[in-house]
Amino acid sequence: MEQTFVQARVQCLEFSNGRIRVARSGQDSELRWFLAAVTVVSIVALYYLQLDWLKLISRLPDLGKTFGLLALLDFHDFGLTLEAFSQTVAITVLATIYSVLLGLVLAAFGARNLMKNKFVTYALSAFFTFLRAVPTPVWVLLALVCLGLGPAAGIVGLCVHATAFFARAFTQSFEDVPEEVIEALEATGASKLHIFLSAILPAAASQIMAWTGLRFEINFSESAILGMIGAGGIGFAIANNIQGYQFGAAGLAIVLVFGFAYCVELVFTTIKKNYI
Amino acid sequence: MPEKISIMNPREKQVYTWFLVVVLVLFCLATYISRFNPLEVLWEQGEFWKFLFQDFLPPRFNASPVVVESILVTFALAVSSSFVAAVFAFLFAVFGSTSLSPWKGLARTIRGFATFLRNIPTLVWAFILFSSLGIGTGVGFIALLISTFAFMTRAFIEVIDEVSCDAMEGLTACGGTFWQKVCQGIVPTCLTQFIAWFLYCIELNIRASTIVGMVGGGGIGLVLFSYIKSFNYAGAAGIILVIAAMVIMVEFLTNYLRRKVLT
Numbered sequence: 006m007e008q009t010f011v012q013a014r015v016q017c018l019e020f021s022n023g024r025i026r027v028a029r030s031g032q033d034s035e036l037r038w039f040l041a042a043v044t045v046v047s048i049v050a051l052y053y054l055q056l057d058w059l060k061l062i063s064r065l066p067d068l069g070k071t072f073g074l075l076a077l078l079d080f081h082d083f084g085l086t087l088e089a090f091s092q093t094v095a096i097t098v099l100a101t102i103y104s105v106l107l108g109l110v111l112a113a114f115g116a117r118n119l120m121k122n123k124f125v126t127y128a129l130s131a132f133f134t135f136l137r138a139v140p141t142p143v144w145v146l147l148a149l150v151c152l153g154l155g156p157a158a159g160i161v162g163l164c165v166h167a168t169a170f171f172a173r174a175f176t177q178s179f180e181d182v183p184e185e186v187i188e189a190l191e192a193t194g195a196s197k198l199h200i201f202l203s204a205i206l207p208a209a210a211s212q213i214m215a216w217t218g219l220r221f222e223i224n225f226s227e228s229a230i231l232g233m234i235g236a237g238g239i240g241f242a243i244a245n246n247i248q249g250y251q252f253g254a255a256g257l258a259i260v261l262v263f264g265f266a267y268c269v270e271l272v273f274t275t276i277k278k279n280y281i
Numbered sequence: 004m005p006e007k008i009s010i011m012n013p014r015e016k017q018v019y020t021w022f023l024v025v026v027l028v029l030f031c032l033a034t035y036i037s038r039f040n041p042l043e044v045l046w047e048q049g050e051f052w053k054f055l056f057q058d059f060l061p062p063r064f065n066a067s068p069v070v071v072e073s074i075l076v077t078f079a080l081a082v083s084s085s086f087v088a089a090v091f092a093f094l095f096a097v098f099g100s101t102s103l104s105p106w107k108g109l110a111r112t113i114r115g116f117a118t119f120l121r122n123i124p125t126l127v128w129a130f131i132l133f134s135s136l137g138i139g140t141g142v143g144f145i146a147l148l149i150s151t152f153a154f155m156t157r158a159f160i161e162v163i164d165e166v167s168c169d170a171m172e173g174l175t176a177c178g179g180t181f182w183q184k185v186c187q188g189i190v191p192t193c194l195t196q197f198i199a200w201f202l203y204c205i206e207l208n209i210r211a212s213t214i215v216g217m218v219g220g221g222g223i224g225l226v227l228f229s230y231i232k233s234f235n236y237a238g239a240a241g242i243i244l245v246i247a248a249m250v251i252m253v254e255f256l257t258n259y260l261r262r263k264v265l266t
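Protein chains in written order, with the numbering used here: chain A, 6 to 281; chain B, 4 to 266.
Take a look at the structure:
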């Protein structure tokens, strides 16, 4: 009896070349297939693009020259640049705040544990998927057509995408609130509004803050590029100065964007580390 | 007078109070700077509905070879730049992780470099590159590559530092060399999370490559931009629907792959 078991064991080892299997073979083969497929698709895609590598590489020295020119910061029009920059930050802040508020309201209607009507939740979720699928600058371009030049177009355009983002994220957070909590409040005869304000919102508060911080960073980089496609703000200063060969001024604007984004990241990482 | 017992942790409550105060101050400042009045948008919504139903809808679909080709270009840009970025990001991440890197100085340099690249928006990179390398799909590819590379490098470093602490300790104790640690420790434990980030980056890049296209990177974004600039709003609506369909399809595909490969 003992002998046969050992024999079987040895045979087993022989079949697998003396190795003991560590991983699940099923998943391993799927992973390998996936990696192979991704590699093939990417190489085909790269070939399809027909990039002119020689031309790109031959122009690399120019890139170095551009960076040199950008590094020579030009403080000539600093006042104007600063004004454009404050405009961009203002757009970011307002777009984030308005979209959080809108997102909270819409998420309340989209959460399955608050809204029992299945049709409404499905319709809302499909609508948000569509809004999120279209890139923000497209919304800004359309808002520009309706509202004309100015910060309003930027705020509204950013809000469309960000609201859809928040609505989805908050819906998820609301649905994570345990069913028992809602049931307990329903048993006391609380109204829908009461349940939302005193059970769901406090339970989801920390997640709401985390999502807001994440979106603030994204909104800033989105609002920094708005100017490049025709809206105002720091993006316009960057694009305009680069196209007018005023590299020093463009460099200064880029440094401002980088500095602000970096500071925001630092602040949120510290908050996350210490409080959440 | 009955005293109230606070349900919330006082420390937590303080954090929320400060958060609200900061938000309120920022809100007032931003409203003052931008002079944005939300009521104005509501008052002028008539203009918006008119625009939406007269110029914009119904969308006109234009299945010309140009549109089909530009969709393929956008898709190819997103996939290939994500893939090349992932390969580079993996190499940089194994040297950039403080727990793994053979040289601590190099790790710090790589992190700093990635932070620098990441905090400048993709479109700014595109503009810098356009001014020196000229307009074209190749430059759009490099702009996408730069920001995706920086994003993935950071994500990969975080994955490595989080996941493989014990495995690294074990391999170090056995006297494993750097490449042994990478191949036997990092790859098996972190591969699935690397793939998760890679799929996420493809989703991001489908959108980003549309935007880079708008300013001269080629692809569907350029077509859309030219339609809007020439007031062909019905055509633009068609393109927007096509973009949305493309993004949603890619999201379905990546979700499917996630379920299939990662669990």
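No residue lacks a Cβ here, since even glycine has one placed at the ideal position from N, Cα and C.
Between residue i and the rest of its own chain, which residues show a CB-CB distance below 6 Å, the 5 nearest in sequence each way excluded?
i      : result
B/S73  : G222, I223, V226
A/L18  : Low confidence applies to A/L18: its pLDDT is 49, below 50, so where it sits in the model is not reliable enough to give any reading.
A/L111 : A172
A/A229 : T93, I239, G240, V262
B/N12  : none
B/I251 : none
Three-state secondary structure (DSSP) at residue i?
i      : result
A/D82  : coil
B/N65  : coil
A/G238 : coil
B/V82  : helix
A/M6   : Bear in mind that the predicted position of A/M6 carries a pLDDT of just 46, short of 50, making it too unreliable to give a figure here.
A/W38  : helix
A/A113 : helix
A/N246 : helix
A/V15  : Unreliable placement is indicated for A/V15, whose pLDDT of 49 sits below 50; the coordinate value is still reported in the next sentence. Looking at A/V15 - three-state DSSP - the assignment turns out to be helix.
B/C177 : coil
B/N40  : coil
A/S91  : helix
Which residues in chain B sit within 9 Å of residue i, going by Cβ to Cβ distance?
i      : result
A/A266 : R121, N122, I123, P124
A/Q92  : I36, S37
A/R37  : Per Cβ cutoff of 9 Å: no residues; A/R37 is ~10 Å from chain B at best.
A/T274 : Correct list: empty, because the minimum Cβ distance to chain B is about 11 Å.
A/E270 : T118, R121, N122
Just reading off the alpha helix (DSSP H) that residue i is part of, what are its end residues?
i      : result
B/E161 : 140–166
A/S228 : 206–231
B/M249 : 236–265
A/W58  : 58–63
B/Q196 : 190–215
A/E191 : 184–192
Does the ligand ATP have a heavy atom nearer than 7 Å to the CB of residue i?
i      : result
A/A208 : Within the structure as shown, the ligand ATP is missing, as the structure has no ligands at all.
List, in chain order, every chain B residue whose beta-carbon is nearer than 7 Å to that of residue i.
i      : result
A/S1   : One cannot answer for residue 1 of chain A here, as it falls past the ends of chain A, which runs 6 to 281.
A/P156 : S37, F39
A/F294 : The requested residue 294 of chain A does not occur in the structure, where chain A is confined to residues 6 to 281.
A/I96  : S37
A/D57  : G141
Looking only at its chain, what residues have a beta carbon closer than 7 Å to the beta carbon of residue i, apart from the 5 residues adjacent to it on each side?
i      : result
A/L59  : none
B/A96  : T156, F159, I160, I163
A/E169 : First, the residue type needs correcting, since residue 169 of chain A is Ala and not Glu in the sequence shown. Here the set comprises F133, L136, R137.
A/S178 : A209, Q212, I213
A/A255 : L75, I243, N246, I247
B/V70  : V226
B/V253 : I205, E206, I209
B/F154 : R121, C204
Could you list which residues in chain A have their beta carbon closer than 7 Å to that of residue i, in chain order?
i      : result
B/M217 : P142, I234
B/R210 : P140
B/Y19  : A210
B/F130 : M233, I243, A244, I247
B/I231 : L146
B/I243 : V139, V143
B/I214 : P140, P142
Name, please, each residue of chain B whose Cβ falls closer than 8 Å to the Cβ of residue i.
i      : result
A/F170 : Ordered by position in chain B, no residue passes the 8 Å Cβ test against A/F170, which lies about 12 Å from the chain.
A/D67  : S135, L136
A/T86  : In chain order: nothing, as chain B lies at least about 14 Å away.
A/K4   : Absent from the model: residue 4 of chain A. The displayed extent of chain A is 6 to 281, so no value can be given.
Closer than 8 Å, CB to CB, is residue i near chain D or not?
i     : result
B/L29 : Absent from the structure is chain D; the protein chains it does hold are A and B.
Could you pull out every residue in the same chain whose Cβ sits closer than 8 Å to the Cβ of residue i, ignoring the five residues on either side in sequence?
i     : result
B/S83 : F144
Since residue i meets chain A, which of its residues come closer than 8 Å, beta carbon to beta carbon?
i      : result
B/F22  : M214
B/L194 : L36
Note down, in chain order, every chain A residue with its Cβ under 9 Å from the Cβ of residue i.
i      : result
B/K263 : E35, F39
B/E50  : C151, L152
*asked:* Please identify, using Cβ separations under 7 Å, the residues of the region 211–227 of chain A that lie next to chain B, in order along the chain.
replied: Hits within the stretch, in order: M214, S226.
_Under 9 Å (Cβ pairs) to chain B, residues found in the region 109–124 of chain A_ = none
*Compile a chain-ordered list of the residues in the region 167–199 of chain A whose CB is closer than 9 Å to at least one CB of chain B.*
Against chain B - using a Cβ distance shorter than 9 Å - the region 167–199 of chain A contributes no residues.
*Given a limit of 7 Å on CB to CB distance, which residues of the region 246–258 of chain B reach chain A?*
Near chain A, meaning a CB-to-CB distance below 7 Å, the residues of the region 246–258 of chain B are I246, A247, V250, I251.
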